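Positions in the sequence shown are counted from 1; adding 1 to them yields this note's numbering.
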Amino acid sequence: MKQSTRTFAVMVASLGFAAQALAASVGWQSFEVAAASGSPSIPVALYYPTQTPARTVQMGVFTVHAAIQATPDDSIKGLIVLSHGASGIELGHSSLAEALAQQGYLVAAPLATPGQLGKTTR
2 MKQSTRTFAV MVASLGFAAQ ALAASVGWQS FEVAAASGSP SIPVALYYPT
52 QTPARTVQMG VFTVHAAIQA TPDDSIKGLI VLSHGASGIE LGHSSLAEAL
102 AQQGYLVAAP LATPGQLGKT TR
C-alpha cells in the first residue's frame, strides 16, 4: 500500500512539472475600448497567452516580460480585469498579469490617463 501511495505522489508531482513546462509565454499589447457617446475611449493593456517567446521590455520604471503585439493563443480560459485603483498605474501589477496570462487567462489592465494620477474616488 505504501508503494502505491508513493507512486501516486510521484505521478502527481510529475504532472505539476509537466504543466509548468507547458505554460504559455505572455503577449502584450495596448487596446482602446470604445466608450459611450461623448466620453473618451478607455486605453487598456492586454496580457495574454501566446507561443511567441517573451522578451524583457523596459516601460518607464517597470520591466515587462512579454512578446509585444504577439498573436494570442486560440484557447483562453477567461477574462480577468486587473485595475490599478485610484492613484495607480497599469504596469504596477504587471508581474501578476503576466503570471495569470501564463496560466491561460486574458488580463485587461486599464491604463492611467493624463490627469488621472492622484485623483481620489468618493
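Even glycine gets a Cβ: it sits at the ideal position worked out from N, Cα and C.
It should be emphasised that the depicted structure is a prediction, and the values quoted were computed from it without experimental measurement.
Simplified DSSP state of residue i, which is helix, strand or coil
i           : result
residue 97  : helix
residue 25  : coil
residue 103 : helix
residue 38  : coil
Per-residue burial, residue i [other beta carbons within 10 Å of its own, 16 or more giving buried]
i           : result
residue 38  : exposed
residue 96  : exposed
residue 110 : buried
residue 36  : exposed
Contacting residues, own chain, Cβ-Cβ under 8 Å from residue i (five flanking each side not counted)
i          : result
residue 58 : 29, 64, 65, 66, 67, 69
residue 77 : 49, 50, 105, 106, 107
Neighbour flag for residue i against chain D, beta carbons, 9 Å
i          : result
residue 56 : Absent from the structure: chain D. Only one protein chain is present.
Close-in-space but distant-in-sequence residues of the same chain around residue i (CB under 6 Å, 5 per side omitted)
i          : result
residue 32 : 45, 47
residue 49 : 28, 73, 102, 107
residue 80 : 107
Cβ shell of residue i (< 7 Å), same chain only, five flanking positions each side left out
i          : result
residue 22 : Note on residue 22: pLDDT 45, under 50, position unreliable in the model; the coordinate value appears next. Taken in chain order, the list of residues that qualify is empty.
residue 26 : 51, 52, 53, 54, 55, 68
Review point. Unbroken beta strand (DSSP E) runs of length 3 or more, entirely within the stretch 40–86: which are they?
Key: 43–51, 56–60, 63–69, 80–82
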